[in-house]
Every structure is written in C-alpha cells, then in structure tokens.
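Engineer: Take this structure first; my questions come after.
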Amino acid sequence: MNKFESSLTVAIWMVTYNHEAYIKQAIESVLMQKTNFNYKLFIGEDCSTDKTAEICKQLKKRYPDKIYLILNQKNLGPSKNAKQIYDLCLKSDAKYIAMLEGDDYWTDPLKLQKQIDFLKKNDSFSGSFHNTMSTNESDVNTSFVPWRVYNKEVYNLDDTISKIALFHTSSFVFRKNVEFIPDWVLKVQSGDMALFAIIASKGSLHRIDEYMSVYRKNEKGITNHITKKAYHKSRIVLQLHFKENFNVSVHQKIDDIIRFHTLELNKLSNSTYKKLKNLFKF
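Residue 132 in the UniProt record's numbering sits at position 132 of the sequence shown, with consecutive numbering throughout.
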C-alpha cells in the first residue's frame, strides 16, 4: 500500500430498518476494511421497532471516529431515508462513495482498497463494482450462489438501462462527481437502478471479477412486498424518468423495456379477467 492519506477519501452509505439480526455483521464488515486512506460510515437508522438502533449506538460508541449515525425520530421510509444519507455523503469531504445496506455485508477486507486504487488510476471511469453472492434467508440450509453472471469488465449507460439491476448496491463505489441526487429518484421504486444510470451517464463503470459482498434475500425486502402488477408499473415509471433525463441514444432501448412491462401488465390483466369469468360464469 502507498502512503496513508489523512483526509476523508470514502464515505460509506448505509440505511437500515429492522435489521437486528444482520446489522452488526454489516457494520463490522465495513470496519474490517484495510486501507491506506480514511473512510467513514454514514448510517441512517429509520426508527426500527427492534434492537437495530441499540446495536448501531453500541458500535458508534466503540468507533466514534468511523461512524456517523442518524437516528430518525420517525420512520421516513426507504426512499427518504436513503436520500438523506446520500446527501450527507455528497456534502462530506470524501472523494468517493461506497454503498452497503444494513442486511448485506462485505466479505473481502481489501474490497475498498481495490476499488479505490482502480478509480484513482482511471479518471475516465465514474464507478466500480464487483461480483456478489446471494443467499436466501428463508432456506433451511444456507447456500450462496452468484447473484449475476457477467461477460465483460467495462459497462456504460446503455448497460444500466435494463429490465433488471446490472449489479448489487453492496458492490458499488462511485466517484463523487454529482452534486446531488435528483428528486425524481425518490419517486421510483428501484432507486438503486436510477443511481447506477446517473453515475454511468458521467463515465464508464468497471467490474472487478471477484466476489466481495453478500446480498441477503429475505421476506422483508421491498420487491417481496409488491404485487406483480405494481412491480411492472414501477419499472415503467423508472424507464419514463430515464427517457426524460438521459440522451436520445438510449431512448430505443428504454422504449423496448417499457413495451415489455406493458405486455406483462396486459397478460396479468387478461389472466385476472379469465379467472373472474370462470368464477362468475359471465
């Protein structure tokens, strides 16, 4: 490693709500990072009803210089809580921002160092991500599988305009080359996909071909609490915002994705109609 940097280099974004069983591992996976630069963890604790806040306060007391803790007095909800921590990270002196939700965790103590080393040497890249393993908390026997499979190292805006998220938030580190997160990000269900596209519009994204984080799939996840219709509607809204905010070069791909979700909505509506018809014999 090179000479240690005393100023803040990385601000780490973390949001948490009712993550009592996971938050300690998430925070400690940040604190285990071995770097030649300073980093600080910014946590938004969204008025949990379990012991999440208590665990956060205990760790904040042990590591006062490493953790900046916001304890919301009322529940803000995922979008507003996420944005307030984004804003804190953006207002900090850090040059880069990393991401980790309170129920996920990092597995490599050199994760941050590897990503920051790359971004420092490659000014044309606005962000870095890596491979992620996933595990399903509802399974009796815990197993880990790759969350996404990739075939290249360099990605751009066009790649982030997709039906699914290109990579997981736990793997993302980006250059602080945006002054604020636009308000429209609050209006979409998949704010992570919106952020990935915004950062990719500023420069290419580089993938490190290593597994350095774990994404926990659990029943409390947002996508498990919305209906199929709501899911497709939310993805259409996301793509409409993309079309309004990004250049014409990606508009055809956006239109194709909107068409896909519209067709899926129509299929669901027709299926519901057929079920009602058979039930009431009309």
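All C-beta atoms, glycine included, are put in the ideal place defined by N, C-alpha and C.
So what's T16 in DSSP terms, helix, strand or just coil?
Structural biologist: DSSP places T16 in strand when its eight states are reduced to three.
Engineer: Check for me: the beta strand (DSSP E) holding D209 runs from which residue to which?
Structural biologist: Here the beta strand (DSSP E) through D209 covers S204 to K217.
Engineer: Judging by CA-CA distance, which residue of K202, H261, V248 and M212 is the nearest neighbour of residue 287?
Structural biologist: There is no way to answer for residue 287, as the model of the chain reaches only from 1 to 282.
Engineer: Check each candidate in K60, E101 and S204 and name the one with the smallest Cα separation from Y215.
Structural biologist: The candidate whose alpha carbon is nearest that of Y215 is E101.
Engineer: Does L41 come out as helix, strand or coil in the three-state DSSP assignment?
Structural biologist: Reduced to three states, the DSSP call for L41 is strand.
Engineer: Mark D158 as exposed unless 16 or more other C-beta atoms lie within 10 angstroms of its C-beta, in which case mark it buried.
Structural biologist: With fewer than 16 Cβ atoms within 10 Å of its Cβ, D158 is classed as exposed.
Engineer: Buried or exposed for H251, please, with buried defined as at least 16 other CB atoms from any protein chain shown within 10 angstroms of its CB.
Structural biologist: The residue in question, H251, is exposed, as its Cβ has fewer than 16 Cβ neighbours within 10 Å.
Engineer: By Cβ distance, which residues of its chain are closer than 7 Å to S79, with the 5 residues on each side in sequence left out?
Structural biologist: These residues qualify, in order along the chain: L186 and G191.
Engineer: For the region 43-60 against the region 15-22, do three or more pairs of beta-carbon atoms, one drawn from each stretch, fall closer than 8 Å, so that the two count as touching?
Structural biologist: Segments in contact, yes.
Engineer: Could you give the distance in angstroms between the alpha-carbon of K95 and the alpha-carbon of S126?
Structural biologist: Each residue's alpha carbon lies about 11 Å from the other.
Engineer: State yes or no: is the C-beta of R175 nearer than 7 Å to some heavy atom of the ligand FMN?
Structural biologist: For the structure depicted, the ligand FMN is absent and the ligand set is empty, with no information on it obtainable.
Engineer: Using the Cα positions of A11 and I85, report the straight-line distance between them to the nearest angstrom.
Structural biologist: When rounded, the distance between both Cα atoms is 10 Å.
Engineer: By Cβ distance below 6 Å, which residues in the same chain neighbour C47 in space, the five residues on each side in sequence not counted?
Structural biologist: So the qualifying residues of the chain are N72, K74 and N75.
Engineer: Which first and last residues belong to the beta strand (DSSP E) in which V173 is found?
Structural biologist: Its beta strand (DSSP E) spans residues V173 to R175.
Engineer: Is S170 helix, strand or coil when you go by DSSP?
Structural biologist: In the structure shown, S170 sits in a helix (DSSP, three-state: H, G or I).
Engineer: Take the Cβ of M14 as the centre, count every other Cβ of all protein chains shown within 10 Å, and call the residue buried at 16 or more, exposed below.
Structural biologist: Its Cβ being crowded by 16 or more others within 10 Å, M14 is buried.
Engineer: Have a look at I257, H232 and N36 and flag the residue whose alpha-carbon is nearest the alpha-carbon of F242.
Structural biologist: For the residues I257, H232 and N36, the minimum Cα distance to F242 belongs to I257.
Engineer: Pick helix, strand or coil for L76, following the three-state DSSP scheme.
Structural biologist: It is coil, neither helix nor strand.
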